[in-house]
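Line by line, the protein sequences are chains A and B.
Our numbering puts the first residue of the first sequence at 183, with every later residue one more than the last.
Our numbering puts the first residue of the second sequence at 183, with every later residue one more than the last.
Even for Gly, the Cβ is constructed at its ideal location relative to N, Cα and C.
Protein chains: 2
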Amino acid sequence: MSELLKLSHLIESEITKIEFPLSPGNLYDPLNYFLSNGGKRLRPVLTLLATELGGVQKEDAINCALAIEVFHNFSLIHDDIMDAAPIRRGKVTVHEKWNSNIAILSGDVLLVKAYQLLANQKSQHIPELLTLFNKTAIEVCEGQQMDMDFETSEFVTVDEYIKMIRLKTSVLLGCALEFGFIVSNNSISNRKKIYDFGINIGIAFQIQDDLLDLYGNPDKVGKQVGGDVKSNKKTLLYLIAEKNAVGDLREKLNQVKSELDLNSKVSATQEIYETLGVKIETKSYLDRYYQQAIDLLDSIETESDKSAIMEMVNYLFNREH
Amino acid sequence: MSELLKLSHLIESEITKIEFPLSPGNLYDPLNYFLSNGGKRLRPVLTLLATELGGVQKEDAINCALAIEVFHNFSLIHDDIMDAAPIRRGKVTVHEKWNSNIAILSGDVLLVKAYQLLANQKSQHIPELLTLFNKTAIEVCEGQQMDMDFETSEFVTVDEYIKMIRLKTSVLLGCALEFGFIVSNNSISNRKKIYDFGINIGIAFQIQDDLLDLYGNPDKVGKQVGGDVKSNKKTLLYLIAEKNAVGDLREKLNQVKSELDLNSKVSATQEIYETLGVKIETKSYLDRYYQQAIDLLDSIETESDKSAIMEMVNYLFNREH
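Here it is as structure tokens:
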């Protein structure tokens, strides 16, 4: 079994040990339901990988790894209310299965639960972990607010978009990784490097997600092609197109947004993007962030083996695109 | 100026120093709006009172006192969504002035902000403060869920009601007070006493609130008489009536709930309650919790003066009833 799989199994088995009281059922049933609902457990695995890279036993970081995963699940429950999402990980969302009030309140409890797990870490590390966790949690909320604001914004720049995905997605990866280096008492310089590695990996991964939506192999990606185009989502692809389009092409780009035949909409958009060099430019963003991540990982001074963490990077980026 | 007023001014001035970033405005504007919206600042004042009673300077506990107040404000923002409340402290609620999504997310940020303030305490106390704060925060959510569940429950016992108000209201008072004793390095025995003092004061205060709704002087209470009766709220008065009523009176008690003329509803209910001895029994509950609180306060071993904290108790209980 690969190291990644081992870590992911360890996290899964620790998640099942998180116990909630039986009552009030309307508060805790949704949490048992949601936490047992799978997910890749990517973030806590990053914490354990960084802990081992930092030279201490992964078991030393279990609690703060779980705090990261539980926080992530809290944010999904609340985001799903805000996005009116009916389905998450193939199952009905909490606010749909129960109601919004229950989803708000059980989400709140889950956020507190994350802090409770964090408080179970060895107390010498608590102040540092807490400071980073608070900063990260606030940034994740800022990212979600920016994402919601973008839906009704007339004009969003590429820089604003990158900032939004950094806050909404990447800072939690950076935090997860830095947790491992805090627990393993690494240098401030190494801590900064692994955090920034997480930031860059996160941004690259989100850009890859945008690319795969339009250019991925639907059998491998596991969802329909062009979902973002169909819903007029402001992805990096779209923002680059908007930045590059002038004259006729700008007109066409605006018109295609109201095309009712969704398949024609996707193929027409692909054609416009082709002319505007959108795919190539997006890939160059992806490659830049990816390369920055790899360089940062290389620069971390450690005698431990980096192969497990590289296995994770390869796992994240070996989807076809 | 009385000691209470001094502490309350200190808290007010510290609250105004809490700064949020300008952007995203939809995340932070609601927080500036809500936090500057007054309120009695009762809970953080309790922390400072306990800190002084514990024999150290109140300034040593400012951050954890603010954490309590900020947490309280978070819970109000989210409760107002769940209760669909249009007005809070005489001003439009956040979810009404903006929308529910913004109220959810800015509430989330405020909860994290509470932890950020807590993390600013001297680090030797952080683990203990954090453990108590987490436990309390979870209990407050449990209380809110019980309160929501009661609305649709057919049968609620007096014990369940007392448990609900203990969780929803009192544990935060207990936590606020014990914070002061943690910061002042008090004994475990004294910490338990001041916490339990807070629990009993909180329950007594909530019972007084129920009594004043029906039997208070409207000029002094500042709201209409019988609001709880008009909305068929399951207060302690109602639950005692339900417990005591048999035969005809039980029938009458059920019928009066659907009376459409609201003034007749209030006077008819008062008549039924009179026959059932509801006011006297409710007062005996109030007196019991109040007396337990006073006994606990008396039993705290300290050389400091308890007059300021007694001034607070008198302030809370000198309304006419």
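Can you tell me where the alpha helix (DSSP H) with residue i in it begins and where it stops?
i, result
"H504 of chain B", "Chain B is shown only over 183 to 503; residue 504 of chain B falls outside these bounds and no answer can be derived."
"T351 of chain B", "Segment: none, T351 of chain B is in no alpha helix (DSSP H) and carries neither H nor E."
"T457 of chain B", "444 to 458"
"G380 of chain B", "370 to 397"
"T229 of chain B", "224 to 235"
"A319 of chain A", "308 to 334"
"L421 of chain A", "418 to 426"
"L289 of chain B", "What sits at residue 289 of chain B in the sequence shown is Gly, not Leu. Its alpha helix (DSSP H) spans residues 282 to 301."
"T198 of chain A", "185 to 199"
"A209 of chain B", "The sequence as given places Leu at residue 209 of chain B; Ala does not occur at that position. It spans 207 to 217 - the alpha helix (DSSP H) in which L209 of chain B sits, taken as one unbroken run."
"N245 of chain A", "244 to 264"
"D410 of chain A", "409 to 412"
"K240 of chain A", "K240 of chain A -> no alpha helix (DSSP H), and no H or E assigned at all."
"D430 of chain A", "429 to 438"
"N367 of chain A", "Careful: N367 of chain A lies outside any alpha helix (DSSP H) and carries neither H nor E."
"E493 of chain A", "489 to 499"
Taking the alpha carbon of residue i as the reference point, which residue from the options has its own alpha carbon closest?
i, options, result
"L349 of chain A", "A:V365, A:K375, A:L230, A:K317", "A:K317"
"G220 of chain A", "A:P206, A:L209, A:H191, A:L230", "A:H191"
"E196 of chain B", "B:C246, B:G409, B:I284", "B:C246"
"L217 of chain B", "B:I259, B:M330, B:L311", "B:I259"
"Y497 of chain B", "B:S305, B:I383, B:K425, B:E441", "B:I383"
"E234 of chain B", "B:G362, B:N208, B:I385", "B:G362"
"I364 of chain B", "B:A423, B:D401, B:V238", "B:V238"
"S282 of chain A", "A:R271, A:E251, A:A266", "A:A266"
"F499 of chain A", "A:D329, A:Q473, A:L458", "A:Q473"
"L314 of chain A", "A:L187, A:V438, A:D290, A:L355", "A:L355"
"K439 of chain B", "B:D430, B:N414, B:S446, B:R432", "B:N414"
"D261 of chain B", "A:D290, A:R223, A:D242", "A:D290"
"R223 of chain A", "A:K240, A:L187, A:D242", "A:L187"
With a Cβ-Cβ cutoff of 7 Å, do residue i and residue j count as a contact?
i, j, result
"A285 of chain B", "I263 of chain B", "yes"
"I376 of chain B", "A232 of chain B", "yes"
"P206 of chain B", "E321 of chain A", "no"
"E185 of chain A", "A490 of chain A", "yes"
"T294 of chain A", "A319 of chain B", "Per the sequence shown, the amino acid found at residue 294 of chain A is Val instead of Thr. Cβ atoms of V294 of chain A and A319 of chain B: closer than 7 Å."
"L209 of chain A", "Q327 of chain B", "yes"
"V460 of chain A", "L421 of chain A", "no"
"I482 of chain B", "N372 of chain B", "yes"
"S305 of chain A", "P309 of chain B", "yes"
"E251 of chain B", "R225 of chain B", "yes"
Within a Cβ cutoff of 7 Å, which residues of the same chain sit near residue i, ignoring the five residues on either side of it in sequence?
i, result
"H503 of chain A", "Because the pLDDT at H503 of chain A is just 37, under 50, the model does not fix this residue reliably, and the point stays unresolved."
"Q388 of chain A", "I347, T351"
"A475 of chain B", "F379, N382, I383, A386"
"A423 of chain A", "L435, I454, Y455, L458, V460"
"K488 of chain B", "L235, L479"
"E463 of chain A", "I422"
"H307 of chain A", "I364, V365"
"P203 of chain B", "Y210"
Which residues in the same chain as residue i place their Cβ atom closer than 6 Å to its Cβ, once the five residues preceding and following it in sequence are excluded?
i, result
"L189 of chain A", "V227, L230"
"A249 of chain B", "A296, L299, L300"
"K412 of chain B", "L444"
"G332 of chain B", "One point to set straight first is that residue 332 of chain B is Phe, not Gly, in the sequence displayed. Around F332 of chain B: V338, K416."
"G408 of chain A", "L396, V448"
"N368 of chain A", "G236"
"F253 of chain B", "A296"
"Y471 of chain A", "N382, I385, A386"
Drop a sphere of 10 angstroms on the beta-carbon of residue i, count the other beta-carbons inside from all chains shown, and report buried for 16 or more, exposed for fewer.
i, result
"L292 of chain A", "buried"
"E485 of chain B", "exposed"
"T339 of chain A", "exposed"
"E201 of chain B", "exposed"
"T198 of chain A", "exposed"
"N436 of chain A", "exposed"
"E456 of chain A", "exposed"
"Q509 of chain A", "What is shown of chain A runs 183 to 503, which leaves residue 509 of chain A out entirely."
"A244 of chain B", "According to the sequence provided, residue 244 of chain B is Ile. The question's Ala does not apply to it. By the neighbour-count rule (16 or more Cβ atoms within 10 Å), I244 of chain B is buried."
"T334 of chain B", "exposed"
"S257 of chain B", "buried"
"M330 of chain A", "buried"
"M494 of chain B", "buried"
"K425 of chain B", "exposed"
Whose C-beta lies closer than 8 Å to the C-beta of residue i among residues of the same chain, with five residues either side of it excluded?
i, result
"P212 of chain A", "I259, V276, K279, W280, I284, A285, S288"
"D410 of chain B", "D392, D395, L396, T417, L419, Y420"
The ligand PLP heavy atoms versus the CB of residue i: any closer than 6 Å?
i, result
"S218 of chain B", "As far as ligands go, the structure on display features none, and thus does not contain the ligand PLP."
At least one CB of chain D closer than 7 Å to the CB of residue i: is that the case?
i, result
"V448 of chain B", "This model lacks chain D altogether; the protein chains it does include are A and B."
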